[in-house]
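So the sequence lines, in the order shown, correspond to chains R and D.
According to the numbering used here, the stretch in the first sequence is residues 955 to 1073, in order.
According to the numbering used here, the stretch in the second sequence is residues 2 to 114, in order.
The beta carbon of each residue, even a glycine, is placed where N, CA and C say it ideally should be.
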Amino acid sequence: EAGVAQSPRYKIIEKRQSVAFWCNPISGHATLYWYQQILGQGPKLLIQFQNNGVVDDSQLPKDRFSAERLKGVDSTLKIQPAKLEDSAVYLCASSSLTRTSGGRGYEQYFGPGTRLTVT
Amino acid sequence: ILNVEQSPQSLHVQEGDSTNFTCSFPSSNFYALHWYRWETAKSPEALFVMTLNGDEKKKGRISATLNTKEGYSYLYIKGSQPEDSATYLCAFSGRASGSRLTFGEGTQLTVNP
């Protein structure tokens, strides 16, 4: 089974520029998550999709960040314009719709992330 | 705001040493506690998902315990090897939060040969 794919792996941009990240979840996984992990901190959920609908975007800075999941499969996360404090690793994860048996509780599978540096 | 804390923040051990880390989390509305290992430039890898008070899980030299009443989990590594060097993250999910995970800041382990 192929894992979660993300691209690009690394990106360096100047502040005020725009950037987009792409994620392809595990086939059949209805739920997709974008996390931001700033150095020295734990991953923070930015947005959660179930199929192509947004479940939770309470921590997404909507003035500059946007995300979409057209057709309920791939997703893109965009930052426009970028700020220095957006330098982070952006992780995408996916999970199946239902809590699995044995109490595994919505196990999430992560991609390798995109490391963004804003200069 | 949920508070998930991990300690220590970083740890350096010698090959062969055994070590352990702590994750503390809210004891109310608990649903599951996840442990992940995240090696540099790789995907975070799920180690354990624990849901029941008193759960103990083991995977090779790594094991974890769970105390939901007092809100903590321990991760143990027996006979550390250089390939165990990684950041170990715990994440909490509550009954009301669905699949949303709240992560701790992680413990960065370095195992010196």
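Could you list which residues in chain R have their beta carbon closer than 7 Å to that of residue i, in chain order?
i, result
"K43(D)", "P1066"
Going along chain R, which residues have a C-beta under 8 Å from residue i?
i, result
"G107(D)", "G996"
"L90(D)", "G996 and P997"
"A65(D)", "Neighbours of A65(D) on chain R: none; closest Cβ ~14 Å, over 8 Å."
"A87(D)", "Residues of chain R passing the Cβ test: none, with the nearest at roughly 13 Å."
Could you tell me how far apart the beta carbons of residue i and residue j are, in whole angstroms, since I believe they sit closer than 8 Å?
i, j, result
"S1029(R)", "A1021(R)", "6 Å"
"C977(R)", "V958(R)", "7 Å"
"P997(R)", "Y989(R)", "4 Å"
"N1006(R)", "G1026(R)", "4 Å"
"G72(D)", "F26(D)", "5 Å"
"E1061(R)", "A47(D)", "6 Å"
"L985(R)", "S100(D)", "In the sequence as displayed, the identity of residue 985(R) is Thr instead of Leu. Indeed they touch by this definition, with Cβ atoms about 6 Å apart."
"C1046(R)", "Q991(R)", "Incorrect: roughly 12 Å between the Cβ atoms, too far for contact."
"S11(D)", "I78(D)", "Contact flag wrong, Cβ pair sits at about 14 Å."
"E51(D)", "L34(D)", "Per the sequence presented here, residue 51(D) reads as Met, with Glu not at that position. With a Cβ gap of about 5 Å, M51(D) and L34(D) count as contacting."
"V14(D)", "S81(D)", "5 Å"
"T1024(R)", "Y1044(R)", "Note that residue 1024(R) corresponds to Leu in the displayed sequence, not to Thr. Actually they are not in contact, since the Cβ atoms of L1024(R) and Y1044(R) sit about 19 Å apart, beyond 8 Å."
"E57(D)", "T69(D)", "In fact, because the Cβ distance is near 13 Å, the residues do not count as touching under 8 Å."
"T103(D)", "V5(D)", "5 Å"
Kindly list, in the order they appear in chain D, the residues whose Cβ is closer than 9 Å to that of residue i.
i, result
"L999(R)", "R101, L102, T103 and F104"
"S1049(R)", "S100"
"G1007(R)", "What G1007(R) touches in chain D: nothing, since even the nearest Cβ is about 13 Å away."
When DSSP builds the beta bridges, which residues end up paired with residue i?
i, result
"L911(R)", "Since the displayed chain R opens at 955 and closes at 1073, residue 911(R) lies outside it and no answer follows."
"R38(D)", "E46(D) and Y89(D)"
"A956(R)", "Paired residues: none, contrary to the question."
"I1022(R)", "For the sequence presented, residue 1022(R) should be read as Glu rather than Ile. Note: E1022(R) sits in a beta bridge opposite T1030(R)."
"T103(D)", "F93(D)"
"H983(R)", "In the DSSP output, where bridge partners are listed per residue, H983(R) has none listed."
"T23(D)", "S8(D) and Y75(D)"
"L999(R)", "Y989(R)"
"V112(D)", "V14(D)"
"L1014(R)", "Paired residues: none, contrary to the question."
"T66(D)", "E57(D) and Y75(D)"
"Y947(R)", "Outside the modelled stretch of chain R, which goes from 955 to 1073, sits residue 947(R), for which no answer is possible."
"V1009(R)", "Paired residue(s): none; V1009(R) is not in a bridge."
"A1036(R)", "Bridge partners of A1036(R): none, in fact."
"Q1004(R)", "T985(R) and G1007(R)"
"N978(R)", "A959(R)"
Anything in chain D within Cβ reach of residue i, meaning under 7 Å, just list it in chain order.
i, result
"D1010(R)", "R101"
"Q1062(R)", "L102"
Closer than 8 Å by beta-carbon distance: list the chain D residues that pair up with residue i, in chain order.
i, result
"V958(R)", "S44"
Q: Below 9 Å between beta carbons is the criterion; list the residues of the region 976-987 of chain R that meet it against any residue of chain D, in chain order.
A: T985 and Y987
Q | Residues in the region 1017-1031 of chain R having any Cβ partner in chain D nearer than 8 Å | A | none
Q: State whether the region 1063-1071 of chain R contacts the region 58-70 of chain D, with contact taken as three or more CB pairs (one from each stretch) at a distance under 8 Å.
A: no
(Q) Contact between the region 86-93 of chain D and the region 35-50 of chain D is defined here as three or more beta-carbon pairs at a separation below 8 Å; is this criterion met? (A) yes
Q) Are three or more beta carbon pairs between the region 965-975 of chain R and the region 1034-1043 of chain R nearer than 8 Å? A) yes
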